[in-house]
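Sequential numbering of the sequence shown, starting at 1, is according to the UniProt record's numbering.
What follows is a set of notes on a single structure, which appears directly below.
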Amino acid sequence: MTSSSSAHLPADNKVVIFVKRPGENNPPTVDCFDVIPIDSPTEKDITAEQCIVRTLFLSVDPAQRCRMNPSTGVDYLGPYEIGEPVDGMEGVGVVERAGSGSHLHVGDLVTGCIRLWTWTKYFVCDSSDLVKVNLPPSFSPSVILSCAGISGITALLGIRKKALIDRSRPQTIVVSGAAGSCGSLAGQIARIEGCSKVIGICGSDDKCKVLKEEFGFDNAINYKTEKVSDRLSELAPEGVDIYWDNVGGTISDNVIQSMNTGGRIVLCGQIAVYNTDLPYPPPLPDQTVQILKERNIERERYLVLTYKNEMDEAIAQLSEWLQQDKIKVKETIYDDLSSAPSAFVDMMTGKNIGKMLIRP
Ligand code: NDP
């Protein structure tokens with residue numbers, strides 16, 4: 001027995017397949033993926049404890065890049081296998097059919113925090129792997145990925161656990177990858193949590209404008225057209241107390257030169273070296289290592305998955321801020337599953353503002 005609506009699910013299902021490794025030292029290309037038609041599941045395909053889910057939005061994440069190599073270099077994510085479906089870090093969907101023993105019902109909005117989500121439109125899933133979401137009225141289900149999901153949790157817990165903002169004195173934070181999903185939220189949350197100056201680094205003038213006019217950053221630097229070290233001397237002559245590092249490479253070396261004694265780096269990601277075979281985190285130039293030592297700057301690896309027990313509380317906080325309009329979220333949405341390969345390649349080259357999503 002299943003709970004269901006009477007109509008059949010549309011037959012036009014698709015899945016994204018991983019077909020080619022780009023090579024560890026090359027950028028990913030769209031032909032690393034194929035998008036093929038498959039049958040939609042039917043009620044006969046599910047057990048009492050399962051359900052059929054229709055994907056509404058898929059999250060596109062830099063962490064997928066390491067999965068394109070034969071070995072990911074991390075223990076919490078396995079590599080993609082050639083010919084196998086691609087799964088992503090997160091998705092949000094709606095229950096279309098539910099088995100009689102499922103705690104979920106048709107029409108429930110569901111996500112799967114910490115559950116990989118196959119890049120397909122209709123799929124069968126164990127109900128126990130899904131979490132029902134109650135969305136406040138007037139919010140798009142996409143905010144579950146662009147705010148109250150891994151990006152937002154990463155931003156909030158990174159600020160609280162690693163940035164250790166001292167509210168008793170003025171604090172300047174610099175965020176790299178600032179116009180992306182984690183970066184835009186990290187800058188806004190740093191402000192809420194007490195930073196007096198928030199400076200973002202990103203890859204276009206349009207992004208700089210969004211940082212200042214929509215996300216409330218005090219200033220922004222376009223690393224493609226401006227010299228980061230010169231601009232930081234102008235914008236933060238008092239020195240940088242906290243650096244939220246999403247990118248690594250020379251941008252980070254430049255920011256670290258501007259940091260104050262006792263500063264802290266939130267080592268969130270190093271996307272500038274993801275298309276290389278360097279280990280994670282990559283080795284730093286001697287001069288940067290020297291600065292970290294001399295100025296007693298903390299730079300510990302940060303992984304949001306370390307804080308699984310604190311994620312529910314973080315989601316509640318993010319949802320509250322979102323409803324109070326204390327944080328703003330932007331999304332770049334690519335429609336149709338056939339655009340999934342471009343969405344991933346374009347996110348890696350900076351075509352997104354805010355969270356990159358696919359609406360299958
Ligand atoms: P974003 O939304 O920030 O998208 C990636 C952005 O990276 C692009 O938009 C691009 O913006 C920028 N970028 C790409 N290549 C370079 C480069 N060579 N140099 C500088 N910037 C570059 O992605 P996320 O918010 O999802 O992820 C941001 C970072 O956070 C990543 O490093 C990711 O791995 C990390 N992360 C870490 C987690 C953790 O637990 N530690 C959890 C989740 C994410 P631009 O136009 O500015 O170049």
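Glycine is no exception: its CB is placed at the ideal position from the N, C-alpha and C atoms.
In this text the structure is predicted, and so the values were computed from the model without any measurement.
Straight-line gap, residue i to residue j (C-alpha atoms, nearest Å)
i, j, result
"Met68", "Ala163", "31 Å"
"Met1", "Val53", "The predicted model places Met1 with a pLDDT of 49, which falls under 50 and marks its position as unreliable; any figure quoted below should be read in that light. Taking the straight line joining both Cα atoms gives about 17 Å."
"Met347", "Thr332", "9 Å"
"Pro44", "Thr120", "Note on identity: in this sequence residue 44 is Lys, with Pro being the wrong assignment. If I take the Cα positions, the gap works out to 19 Å."
"Ala316", "Gln324", "12 Å"
"Arg169", "Phe344", "41 Å"
"Lys209", "Val19", "38 Å"
"Gly216", "Lys197", "10 Å"
"Gly101", "His8", "21 Å"
"Ala314", "Arg264", "22 Å"
"Lys14", "Asn26", "27 Å"
"Arg191", "Ala179", "15 Å"
"Ile199", "Asn352", "19 Å"
"Asp12", "Glu234", "56 Å"
"Tyr122", "Val143", "21 Å"
"Thr111", "Ile150", "11 Å"
"Ser229", "Ile201", "11 Å"
"Asn219", "Gly239", "14 Å"
"Lys227", "Ser342", "30 Å"
"Glu213", "Glu81", "43 Å"
"Glu294", "Pro285", "15 Å"
"Pro141", "Ile221", "32 Å"
"Pro283", "Met259", "19 Å"
"Asp205", "Asp245", "20 Å"
"Pro360", "Val60", "12 Å"
"Trp117", "Arg65", "16 Å"
"Gln171", "Val266", "15 Å"
"Asp277", "Lys326", "40 Å"
"Val94", "Thr288", "48 Å"
"Ile189", "Tyr76", "27 Å"
"Glu310", "His105", "27 Å"
"Arg299", "Glu24", "26 Å"
"Gln257", "Leu292", "9 Å"
Distance between beta carbons of residue j and residue i, contact taken as under 8 Å
i, j, result
"Leu181", "Val247", "Checking the sequence, you will find Ser at residue 181 rather than Leu. Not confirmed; about 13 Å, so no contact."
"Gly203", "Lys224", "5 Å"
"Gln270", "Pro281", "6 Å"
"Gly354", "Ser127", "Not really, about 31 Å apart at Cβ, beyond 8 Å."
"Tyr302", "Gly158", "6 Å"
"Leu156", "Val133", "The pair is not a contact, with the Cβ atoms about 18 Å apart (cut-off 8 Å)."
"Leu130", "Gly91", "At roughly 10 Å, the Cβ-Cβ gap does not stay under 8 Å, so Leu130 and Gly91 are not in contact."
"Ile36", "Glu84", "That belief does not hold up - the Cβ atoms of Ile36 and Glu84 are roughly 12 Å apart, past 8 Å."
"Ile153", "Ile242", "About 19 Å; that fails the 8 Å criterion."
"Pro41", "Val124", "5 Å"
Cross-strand partners of residue i (DSSP beta bridge)
i, result
"residue 364", "Because the chain spans 1 through 360 in this model, residue 364 falls outside it and cannot be assessed."
"residue 449", "This structure leaves residue 449 out entirely; the chain is present only between 1 and 360."
"Met356", "Thr332"
"Leu109", "Val94"
"Asn13", "Ile38"
"Val131", "Thr111"
"Val85", "First, the residue type needs correcting, since residue 85 is Pro and not Val in the sequence shown. Answer is Ile17."
"Ser176", "Ile201"
"Phe57", "Val92"
"Ile265", "Tyr243, Arg299"
"Trp117", "Gly88"
"Phe33", "Phe18"
Residue i versus the options, residue with shortest Cα-Cα distance
i, options, result
"Cys147", "Ala186, Asp126, Asp286, Pro237", "Ala186"
"Ala236", "Asp245, Thr250, Val255", "Val255"
"Thr250", "Arg264, Val273, Ser233", "Val273"
"Gly88", "Gly73, Gly78, Ser258", "Gly78"
"Ser319", "Pro137, Ser258, Ser338", "Pro137"
"Leu135", "Leu322, Arg21, Ile199", "Leu322"
"Thr261", "Ile242, Ile297, Lys227, Glu234", "Ile297"
"Ala98", "Lys207, Thr172, Cys51, Tyr80", "Cys51"
"Leu145", "Val124, His105, Leu56, Asp205", "Leu56"
"Val329", "His105, Phe139, Pro41", "Phe139"
"Val30", "Arg231, Leu357, Ala340, Ile358", "Ala340"
"Ile46", "Glu300, Gln257, Glu96, Lys207", "Glu96"
"Ile38", "Ile358, Leu337, Met356", "Leu337"
"Lys161", "Pro70, Ala48, Lys207, Tyr307", "Tyr307"
"Leu305", "Arg115, Pro22, Val86", "Arg115"
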